[in-house]
Amino acid sequence: MHFTFLPRRTNTFLCLFLLSISSVIAQTKPKTYTFLIYHKLNPGMTIQDALPVEREWRKINQAAVDEGKLEGWYMTVKQYTSNPNQTEYDYVTKIVSREMAIKGASPEAMKRIYGDSVQAKMADLQRRDRATAPVVKMEIWETTEGNFAPTFAPGSSNLMIIDRIRRRNPGANYQSTLSQMTRSAGERIKQNTLLGWDFSALMIPNGSEKEYEFSTTNYVSNMNAVTDPAYKQLRNQIAPDFDVVRQEVYRFQEFTTRPGN
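Residue numbers (this note's numbering): -3 to 257.
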C-alpha cells in the first residue's frame, strides 16, 4: 500500500480543512506557505523534555526537505511576548512549503529511518508528542515578500522578532507602505544590522474577529536590532497605516538545512 507520512501532528488539525484547499501558484514571484504549530508544555514538562521529540520530527522533516517536498522545518522557542495570555503556548514549530499543503517524506525515506518498524515508531512518536507538548493552536500564512542576506541560514543563536499587525483602516491599500518596508529591510541587510525580513498574510483562520491580519518578521543575531535607528524609524513611518497588535521574539532551537548549505 502506498502512503505518505505527514511530518507534524496534523491528523487532527489539518485534515478537516486541507482537503478543500487548492494549491496557489504565483506567476510573477514565488510564494511560500508557513504552517505555524503552537505547542504548550504539559504540567511539569520543560523545553528539555520536548527536545528529544522535536529532534525526531526534525529527522523526518529533513528527509522531506532532502527530497524537495518541503522548504524547511523549524522549532522556535518563545523568548518574549506581548500576548496577555503569557502561558497560551511555549514554542512554535514552523513548516514551510511552496504550496498550501504539507508533503511528508516518502515511504522509502521513512523506511531508511525506521527500517521495518515505521508504523510502530510513528505511533510511539505521536504518543510521546501528546504527552510532552500537545498542539493548542495552528495558523497558515502566505509569505509574499522577503529579503535575506545571501549567506543567511537559521542558527541556534539567531532570533526572530515578529510583529503581528493589522490595518488601521480595514481594506485600505497598503502596497506603498509594504514597498517602503521592503526597501528598508534591504538597506538594513546591506548595513549588516539585519539578517533577513519577510512579510506574510494570514490565510487560515482569518475571521473578522481575528486581532491581526499580517505579520512581519525580522531575523536578527541579537536584540540590538531593536535599538537600530532604522528599525525605530520604520516603525514610526508605518504607524499611520498599521497597528502592531502583538509582538513576540523567538529563538531558533532546532531546524532542517537545505541541501548544499
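Yeah, the Cβ is synthetic: ideal placement off N, Cα and C, and Gly gets one too.
Indicate whether Lys90 and Thr72 have their beta-carbon atoms separated by less than 8 Å. yes
Ser113 to Lys107 span [Cα, whole Å]: 8 Å
Secondary structure at Ser196, three-state DSSP: helix, strand or coil? strand
Does the beta-carbon distance from Glu258 to Ala97 come in below 8 Å? Since the displayed the chain opens at -3 and closes at 257, residue 258 lies outside it and no answer follows.
What residue range is occupied by the uninterrupted beta strand (DSSP E) comprising Glu50? Careful: Glu50 lies outside any beta strand (DSSP E), inside the alpha helix (DSSP H) at Ile43 to Asp62.
Backbone CA spacing between Ile161 and Lys206 [nearest angstrom]: 11 Å
Using CA coordinates, which residue listed in Gln229, Pro48 and Arg242 is at the minimum distance from Ile157? Arg242
Have a look at Ala235 and Thr178 and give me their C-alpha separation to the nearest angstrom. 16 Å
On the DSSP letters alone, give me the boundaries of the beta strand (DSSP E) that Asn214 sits inside. Phe210 to Val216
Sheet register partners of Asn165 (DSSP bridge): For Asn165, which the question treats as bridged, DSSP gives no partner whatsoever.
Could you give the residue range of the alpha helix (DSSP H) that holds Met106? Pro103 to Tyr110
Please name the residue, chosen from Ala60, Pro146 and Ala221, that lies closest to Ala105 on a Cα-to-Cα basis. Ala60
Three or more C-beta pairs closer than 8 Å, one from the region 139 to 153 and one from the region 188 to 208: is that the case here? yes
If you count every other CB in all the chains shown that lies within 10 Å of the CB of Thr128, and 16 or more means buried, which is it? buried
Just list the residues that DSSP pairs Gln243 with in beta bridges. Asp159
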